[in-house]
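Read through the structure below, which is laid out as structure tokens, and then see the notes.
Protein chains: 2
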Amino acid sequence: MTRVEALNTENFDKAPTFDDINLAAQRLRGWAVETPLLESSMINEVVKGRVLLKAETFQRTGSFKFRGAFNRISQIPEAKRENGVVAYSSGNHAQGVAAAAAITGIPAVIVMPADAPAIKVENTRSFGAEVVLYDRRHDSREEIGRELTEQRRATLVRPYDDPGIIAGQGTCGMEIVSQARAIDAKLDSLLVCCGGGGLTAGCAIALEELSPETEVLTVEPSAFDDTKRSITAGEIVANSGHEASICDALLAPQPGMLTFSINRKRISRGLSVTDTEVKAAMAFAFRNLKLVVEPGGAVCLAAVLSGKFDCAGRTVALTLSGGNVDAELYRTVLAEHD
Amino acid sequence: MTRVEALNTENFDKAPTFDDINLAAQRLRGWAVETPLLESSMINEVVKGRVLLKAETFQRTGSFKFRGAFNRISQIPEAKRENGVVAYSSGNHAQGVAAAAAITGIPAVIVMPADAPAIKVENTRSFGAEVVLYDRRHDSREEIGRELTEQRRATLVRPYDDPGIIAGQGTCGMEIVSQARAIDAKLDSLLVCCGGGGLTAGCAIALEELSPETEVLTVEPSAFDDTKRSITAGEIVANSGHEASICDALLAPQPGMLTFSINRKRISRGLSVTDTEVKAAMAFAFRNLKLVVEPGGAVCLAAVLSGKFDCAGRTVALTLSGGNVDAELYRTVLAEHD
Chain E
1 MTRVEALNTE NFDKAPTFDD INLAAQRLRG WAVETPLLES SMINEVVKGR
51 VLLKAETFQR TGSFKFRGAF NRISQIPEAK RENGVVAYSS GNHAQGVAAA
101 AAITGIPAVI VMPADAPAIK VENTRSFGAE VVLYDRRHDS REEIGRELTE
151 QRRATLVRPY DDPGIIAGQG TCGMEIVSQA RAIDAKLDSL LVCCGGGGLT
201 AGCAIALEEL SPETEVLTVE PSAFDDTKRS ITAGEIVANS GHEASICDAL
251 LAPQPGMLTF SINRKRISRG LSVTDTEVKA AMAFAFRNLK LVVEPGGAVC
301 LAAVLSGKFD CAGRTVALTL SGGNVDAELY RTVLAEHD
Chain Y
1 MTRVEALNTE NFDKAPTFDD INLAAQRLRG WAVETPLLES SMINEVVKGR
51 VLLKAETFQR TGSFKFRGAF NRISQIPEAK RENGVVAYSS GNHAQGVAAA
101 AAITGIPAVI VMPADAPAIK VENTRSFGAE VVLYDRRHDS REEIGRELTE
151 QRRATLVRPY DDPGIIAGQG TCGMEIVSQA RAIDAKLDSL LVCCGGGGLT
201 AGCAIALEEL SPETEVLTVE PSAFDDTKRS ITAGEIVANS GHEASICDAL
251 LAPQPGMLTF SINRKRISRG LSVTDTEVKA AMAFAFRNLK LVVEPGGAVC
301 LAAVLSGKFD CAGRTVALTL SGGNVDAELY RTVLAEHD
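First to last, the sequence lines map onto chains E and Y. The opening position of the first sequence corresponds to residue 1 in the UniProt record's numbering, with each subsequent residue numbered one higher. The opening position of the second sequence corresponds to residue 1 in the UniProt record's numbering, with each subsequent residue numbered one higher.
Written out as structure tokens, the structure reads:
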């Protein structure tokens, strides 16, 4: 068993229920943004179907990660709060934890890769968190996180393999269902951007209760399609560790133990998209949707626009999970697609 | 009397009423997008107030202009439809008219400046409209438009000085009021991006009925602050004609006769912002709001962020009136503000 797995075993049988998502929604009220479910006649015409875009780009901290982080951190018992929280993250979970910790008055230290987008590191610091950088190729973020947690007797806030995190992310799925109903849209499918699988697991639990007729699919970068392959294999399969992708938010080494135990039963299939398709989707979002979407947040849109997922005659919701992209990369993407 | 004024005299006493805006809203249902009124904790913290952003960037054709164009064009009598419509526009009205004409099955010819953003010319053509380009410095778009209208016995769809257009744009103000009420926000002020004054006039009529306690202000580019100066002077004052601005959507030579007759009584004061402030606002919207906003659509945000309008302790709605910006300009703006 690898180090990652050992860390997570304690949560193995703690899958959150729909009630946990409901409670998370109550905790998040007034703090999280109920992000809009947008529709564009332009994209509908292109894909010959109805596409509803859940714009978590507008969530506090610029990604859905605030939902899980706030739900988890707001449940830390009073006596444990002064020791603070520790998190490791490529950037969006970092910002979510930093913002949630700032709101609840808890000190936060975040372990981030040195090559994380500058916008994510700067924003994390701007919420008052202490940032510890590590080398993605040589250091283990889990080990650094564990050491810091032990030293400070802090609470470790994992990015996805935690029932409190999953329940928080599930509020996104809950909103998608109720917003779709409000415009009389009957969802055939929901596409979810997938890294470690926390957003997917939360949404899958929410939809199982609220819209069981909707199929839930994951979308990943081609080089990090561990959830897709794990679902096919029926067991956890890791990424090679030698690949790269511009989707910095979706580079988890393998599906979480808890998230996979939830997702394997509820995900109909996994899709994957190339970085080239992701960049085309980001440029499409700029030009036609007027939305700034980061690479990892654009994988579902890429699946739809590339035709890898066929929307013809269907009503499809998808997550635009974040918008924290550096201006430099964004300019390059626009230049390539002008 | 100048040529512009002569063209518009027929509409002088035809200011739309609130009932006309209500009827426009009914016509637009199912065609126009009810764009979201967004809120960002990031911007609220920066300006120490509550800012609500009406994201007309998500409107069909990427700007509010579809509202007025569709309302106006859908009222053209059956017998006159086959002769088509003619419009002159720097780009957003062009797209609004082209899209509305396509939906209603009416041929459209649009007179556009040769230096209009490429995205606006391409989109206008993509809706099936015929585009006639003119030289902004040497030709009169009104004259070209009038000639085409006479030749084809077509209907001229003016960009702002038309009661049908103004009533359509007023649906934007109507939505702002009802969306603000839905989140228990009591609007102290509404800032409106102002070119010829059509959006301003429509919103002012809507707010006079629905939220008379809210002050309505215009925001213009500094070099095109004709409405601001006209309101101060109590009569129509034109721009010099020798200035330039990146706000291509807001370069009307002077306030419309009809729009000014409405706005002079309802606008508390006019504000203006520099191109430098506009670019900073566009970059802020990219980085912190994840919204693609074109220069002319960012003037109200620029007024708020620059401190020219003080939001401290106040609840302020503002229009982000469009998002049709060329990638090349956008990349330059991001590079300047990285």
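Where is the CB? At the ideal position from N, CA and C, for every residue including glycine.
Verify the CB distance criterion: does residue i have a CB-CB separation below 8 Å to chain Y?
i: T171 of chain E; result: no
i: D338 of chain E; result: yes
i: F286 of chain E; result: yes
i: L38 of chain E; result: yes
i: S41 of chain E; result: yes
i: A116 of chain E; result: no
Given a cut-off of 8 Å on the beta-carbon distance, is the pair residue i and residue j in contact?
i: Y134 of chain Y; j: R125 of chain Y; result: no
i: T227 of chain E; j: C193 of chain E; result: no
i: residue 369 of chain E; j: V292 of chain E; result: There is simply no residue 369 of chain E to check, as chain E begins at 1 and stops at 338 in what is shown.
i: A98 of chain E; j: A108 of chain E; result: yes
i: T218 of chain Y; j: I267 of chain Y; result: yes
i: P295 of chain E; j: I246 of chain E; result: yes
i: G198 of chain E; j: T259 of chain E; result: yes
i: L37 of chain Y; j: L52 of chain Y; result: yes
i: S40 of chain E; j: L289 of chain E; result: yes
i: residue 417 of chain E; j: S189 of chain E; result: The structure shown has nothing for residue 417 of chain E, since chain E only spans 1 to 338.
i: I76 of chain Y; j: T155 of chain Y; result: yes
i: L318 of chain E; j: K54 of chain E; result: yes
i: S272 of chain Y; j: D310 of chain Y; result: no
i: V111 of chain Y; j: I144 of chain Y; result: yes
i: F66 of chain E; j: G30 of chain E; result: no
i: A180 of chain E; j: L187 of chain E; result: yes
i: C297 of chain Y; j: T35 of chain Y; result: It is Gly, not Cys, that sits at residue 297 of chain Y in the sequence shown. Contact: no.
i: P117 of chain E; j: D248 of chain E; result: yes
i: A185 of chain Y; j: T315 of chain Y; result: yes
i: A335 of chain E; j: R331 of chain Y; result: yes
i: A280 of chain E; j: L305 of chain E; result: yes
i: G91 of chain E; j: I106 of chain E; result: no
i: residue 343 of chain E; j: G241 of chain E; result: Since the first residue shown for chain E is 1 and the last is 338, residue 343 of chain E is missing from the structure and cannot be characterised.
i: G68 of chain Y; j: I176 of chain Y; result: no
i: R287 of chain E; j: I119 of chain Y; result: yes
Pop quiz: residue i and residue j are said to be a contact at Cβ under 8 Å. What is the actual Cβ separation, rounded to whole angstroms?
i: P221 of chain E; j: I236 of chain E; result: Not quite, the Cβ-Cβ distance comes to about 18 Å (not below 8 Å), so this is no contact.
i: V157 of chain Y; j: A204 of chain Y; result: About 21 Å separates the two Cβ atoms, so there is no contact after all.
i: G168 of chain E; j: N71 of chain E; result: 3 Å
i: A283 of chain E; j: V325 of chain E; result: Not a contact, Cβ separation roughly 12 Å.
i: A252 of chain E; j: G164 of chain E; result: Wrong, their Cβ atoms sit about 18 Å apart, outside the cutoff.
Using a Cβ-Cβ distance cut-off of 8 Å, determine whether residue i contacts chain E.
i: G91 of chain Y; result: no
i: V292 of chain Y; result: yes
i: T57 of chain Y; result: yes
i: G62 of chain Y; result: yes
i: I119 of chain Y; result: yes
i: V4 of chain Y; result: For V4 of chain Y, the predicted model reports a pLDDT of 42, less than 50, meaning its position is unreliable; a value from the coordinates is still stated below. No, V4 of chain Y does not count as interfacial toward chain E.
Comparing the C-beta of residue i with each C-beta of chain B, is any distance below 8 Å?
i: I236 of chain E; result: The displayed structure is made up of protein chains E and Y, and chain B is not among them.
| task | Taking only runs that begin and end inside the stretch 198-269 of chain Y, name each unbroken beta strand (DSSP E) of 3 or more residues, in chain order. | result | With a minimum length of 3 residues, the continuous beta strand (DSSP E) runs that stay inside the stretch 198-269 of chain Y are 215-221.
| query | Between the stretch 316-334 of chain E and chain Y, which residues of the former have a C-beta closer than 7 Å to a C-beta of the latter? | reply | If the cut-off is 7 Å between Cβ atoms, the stretch 316-334 of chain E has G323, A327, E328, Y330, R331, L334 near chain Y.
| Which residue spans inside the stretch 86-161 of chain Y form an unbroken alpha helix (DSSP H) run of at least 4? | 92-104, 118-126, 141-152
| task | Identify every run of the alpha helix (DSSP H) within the stretch 264-331 of chain Y, keeping only runs that are complete inside it and at least 4 residues long; order them along the chain. | result | Secondary structure within the stretch 264-331 of chain Y: the alpha helix (DSSP H) runs of 4 or more consecutive residues, fully enclosed, are 275-284, 299-305 (chain order).
| said: Suppose only complete runs of 4+ residues qualify. What are the alpha helix (DSSP H) ranges in the stretch 28-86 of chain Y, listed by chain order? | reply: Within the stretch 28-86 of chain Y, the complete alpha helix (DSSP H) runs of at least 4 residues are 41-47, 65-73, 78-81.
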